[in-house]
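This report refers to the structure that appears directly beneath it.
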Amino acid sequence: MPPPEIDKMKDSQKTKQQPVDELVELRRRIGELETLEAEHKEAEERLAKESRATTDVLNDMLRGEVDDIETVKMVLDTCLTATDSVYGMIGVVNEQGKYDTTTYSSKTLQDCAFPEALAWNMSTGMTIRGIWGWPMLHGEPLICNNLQAHPDRVGFPEGHVQLRCFLGVPLKSEGEVVGMVAVANKPGGYTEEDKNTLVRLAPVISVSRQHRLALIAAKRTTAELEQLVAERMKQLQDAKDHLEETVKERTKELRDTQERLVRQEKLATLGQLAGGIGHELRNPLGAIKQAAYFLNMALEETEPEVKETLEILEKEVAISERIISSLLSFARPQPPTRNKVNVNDAIQEVLSRITVPENVKVVKQLDEPLPAILADSVQLGQVFTNITLNAIQAMTEGGQLVVKSEAPSPGWVNISFADSGVGISKEDMGKLFEPLFTTKAKGIGLGLAIVQTLVEGHGGTIGAQSEVGKGSTFTIRLPIGTKKEK
Amino acid sequence: MEEKASILIVDDNISLCRSLSLILRRKGYAVVTAKDGPEALTMVEEKPFDIIFMDIKMPLMNGVETYKRLKKIKPEAVVMMMTAYAVEDLVQEALQEGAYGIIYKPLDIEKIVTLIERTRGDKQGALVLVVDDDQGICSTLNNILTRKGYKVRTTHTGEEAIAMVQERDYDVIFIDMKLPTMNGLETYLAIKKVNPEAVAIMTTAYRHEMDDLVEGALNNNAYTCLYKPFDMETVVRLVDDIWERNQKAG
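Pasting the structure below:
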């Protein structure tokens, strides 16, 4: 069916020339319509392309699949494609009011003769001026197809890409200029259409920029949070470690205290018992001793056997007395009555009083002069005697006892007794100073316990080293004064 | 030959009492025994003894109580306390009251004989100087040591002590660390200058605060340091030891 207009034309055909003109006119109009339709279609396609690109960018951004720079690059690519541009850049106004280029088109980077300068621009910003700065300074888009003629032209530095035409659109956020998207060198120059395209894309870049800022903020916040969390975790871990340490320490302290208490209680009970028995025995023992003494006096000239028996009696009484006095000195240790004591003299005196078996050789290595110490000479004598007697008893097969004195550090005197006797087994070492611990057939196991009490009463320490079959060394460390260590 | 000393032994332990009296009699002394405090008091009322050995732990009346009553009858009696037990408080009390000394069982017979002989000597004991601003300490030491036959002089200040030392030698000098003007160490050092042979026993109630001064004195050859309250047994033993040593040396 022909259009009604043509019918009308047919009807009004009166002259030959008239219809031809009408036909030409009709064709012209059809042509116009076709052109319009094509333009319309082209515009639609362009919009669809922009929209697709924008949607893609937005989607990618929203999905978080691209980082901020990537996003801006994609937007720039869209802008370049949409405007048939060769070069392009997107950037923001930084805190100093300079233009920070976020990204350049890859062609720009390729053609630029001084990429270092671009990198520099990207990091410290460019002063906003000239034609390129115009959109930002005026807050309006600018098309400039004849750069040479523009009044704001400042010229290009050497090496700059050769620009023929320029289109810049400011990026705005809440009415304020925050940056610019610019493209250049579209073949044939830029049109209003290109400007509109870029104006339409500008908000996407702004969104991208906001997104970027938000992302940076978020990243910073995330990083801060992560750091905070890490710090807190570390603090927690530290606190936990500290707590564990403290608990461990406390537990150990508690156990030590408990052990000490048990030991003290044991000692106290033992002390009471020892004291009680010791005192109770002193009366009958006194009577025996006096009886023996009297008999010895009365039987001055008597048979040798009687004399011998009396001697046995007196000797055993003396031993009993010694046991009792060690029981008592353990049960009720006396605080030291301090004098200035020469340790070497004290050692000499003890060694001269003790009967050393012939198969034991005593070697004295006494350092002279030794600083005098403030100590109870009687108690020191008891300490040295007990250790020397132990050493001799450990060397029933004979051997050598090395008694050494020295002042290795200021304020202290060390005395060591090293024997070449049977030695002490590892398991016995731990119990060495415990009262009632003994490996000897004779003795009640108070000797070293008393020694330790007396040495500690002087603010000193005693330690032992031993190897089975090789011998033992006891080392006593005594302070010269009464000052506590530390 | 001088007449042998008369001795009273008071002890509820019959074996001990009997064997000691047998020994001492054989050594020539006139010995009687009492099995408890009341019996001892009766005997003391009847006649004086040169020395009395008194056990502390006894039934009816303990040795210290007995001694206190005995002192009322014979204030000048020389009483040596004996014990087998740890009766610290009673020992201190007895010594404060003026008992001659304390010996522990089993007794050392040789020492007993020495002791008896000493109490019978010409009673010329050590000359003791007590330097202490506490009047109580001065009189306690005075009482105890005087009973033992020692002569005691007391003073409250270091300055006076130095002046006294300049006039004559003392066998033992007790010096309190904390004196009103010059302290014990200064006093001691000044006395040492006057008499380098002086034997000094430093005394203090401040076990730790005075440590530096005490050490200063001990390092300058002070004999020892005693902490208040005094263990009377140690006081007596120290003075006896120093006196005996001086006797031997002199």
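Read top to bottom, the protein sequences are chains A and B.
Following numbering that gives the first Met the number 0 from start to finish, the first sequence increments by one per residue and tops out at 485.
Following numbering that gives the first Met the number 0 from start to finish, the second sequence increments by one per residue and tops out at 249.
Idealized CB from N, CA, C, for every residue including glycine.
Using a Cβ-Cβ cut-off of 9 Å, Leu-284 (chain A) is close to Ala-83, Lys-104, Pro-105 of chain B, given in chain order. Boundaries of the beta strand (DSSP E) around Ile-51 (chain B): 50-54. At a C-beta separation below 7 Å, Gly-274 (chain A) has these neighbours in chain B: Ala-85. Classified as exposed, Ser-424 (chain A) has fewer than 16 neighbouring CB atoms from the shown chains inside 10 Å of its CB. Boundaries of the beta strand (DSSP E) harbouring Asp-418 (chain A): 411-418, taken from the DSSP string. Distance from the Cα of Cys-78 (chain A) is smallest, within the candidate group A:Asn-282, A:Arg-321, A:Pro-478, A:Leu-200, for A:Leu-200. Using a CB distance below 7 Å, no part of the stretch 400-417 of chain A faces chain B. Within 10 angstroms of the beta-carbon of Tyr-205 (chain B) lie fewer than 16 other beta-carbons, which makes it exposed. Thr-354 (chain A) and Thr-32 (chain B) have their C-alpha atoms roughly 40 Å apart. When rounded, the separation of the alpha-carbon atoms in Lys-339 (chain A) and Thr-223 (chain B) is 8 Å. Annotation for Ile-372 (chain A): the continuous beta strand (DSSP E) segment containing it runs 372-374. Interface annotation, Cys-137 (chain B): not in contact with chain A, CB-CB separation never under 8 Å. Residues of the stretch 8-42 of chain B whose Cβ lies closer than 7 Å to any Cβ of chain A, in chain order: Asn-12, Ser-14, Leu-15, Ser-18, Leu-19, Leu-21, Ile-22, Arg-25. For the stretch 193-219 of chain B, the residues whose beta carbon sits under 7 Å from a beta carbon of chain A are, in order, Asp-210, Glu-214, Leu-217, Asn-218. Per the DSSP secondary-structure output, Lys-339 (chain A) pairs in a beta bridge with A:Leu-373. With its beta carbon less than 8 Å from one in chain A, Tyr-222 (chain B) belongs to the interface. With a 10 Å radius around the Cβ and a threshold of 16 neighbouring Cβ atoms, Val-349 (chain A) comes out buried. Between Val-92 (chain A) and Gly-178 (chain A), the gap from beta carbon to beta carbon is short of 8 Å. A Cβ-Cβ contact shorter than 8 Å links Pro-334 (chain A) with Gly-456 (chain A). Residues Ala-345, Ile-346, Val-349 of the same chain have their beta carbon placed closer than 7 Å to that of Phe-383 (chain A), with the five preceding and five following residues left out of the count. When secondary structure is reduced to three states using DSSP, Met-163 (chain B) falls in the helix class.
Taking 8 Å as the upper bound on Cβ-Cβ separation, chain A lies near no residue of the stretch 56-81 of chain B. A:Thr-474 is the residue among A:Phe-155, A:Thr-474, A:Arg-352, A:Ser-465 whose C-alpha sits nearest the C-alpha of Pro-407 (chain A).
Under the Cβ criterion (8 Å, minimum of three pairs), the stretch 242-257 of chain A does not count as touching the stretch 53-67 of chain B. Rounded to whole angstroms, the Cβ separation of Ala-125 (chain B) and Tyr-149 (chain B) is 5 Å, and the two are in contact under 8 Å. With respect to Val-305 (chain A), Ile-414 (chain A) sits apart: the two C-beta atoms are not nearer than 8 Å.
Within chain A, the residues Thr-336 have their CB atoms less than 7 Å from the CB of Thr-233 (chain B), given in chain order. Here Met-135 (chain A) is not near Val-71 (chain A), since their CB atoms are 8 Å or more apart. Put simply, the CB of Ile-108 (chain B) is near chain A, with a gap under 8 Å to one of its CB atoms. The alpha-carbon separation between Leu-35 (chain A) and Asp-99 (chain A) amounts to approximately 42 Å.
With fewer than 16 other Cβ atoms inside 10 Å of its own Cβ, Lys-192 (chain B) counts as exposed.
Look at Ala-297 (chain A): its C-beta is under 8 Å from a C-beta on chain B.
According to the DSSP assignment, Tyr-189 (chain A) belongs to no alpha helix (DSSP H), since it is labelled neither H nor E.
Interface criterion not met: the Cβ of His-457 (chain A) is under 8 Å from no Cβ in chain B.
In this structure, the alpha-carbon of Gly-138 (chain A) lies about 8 Å from that of Val-168 (chain A). Per the C-alpha coordinates, the member of A:Ile-323, A:Ile-287, A:Thr-126, A:Asn-295 positioned closest to Gly-446 (chain A) is A:Ile-323.
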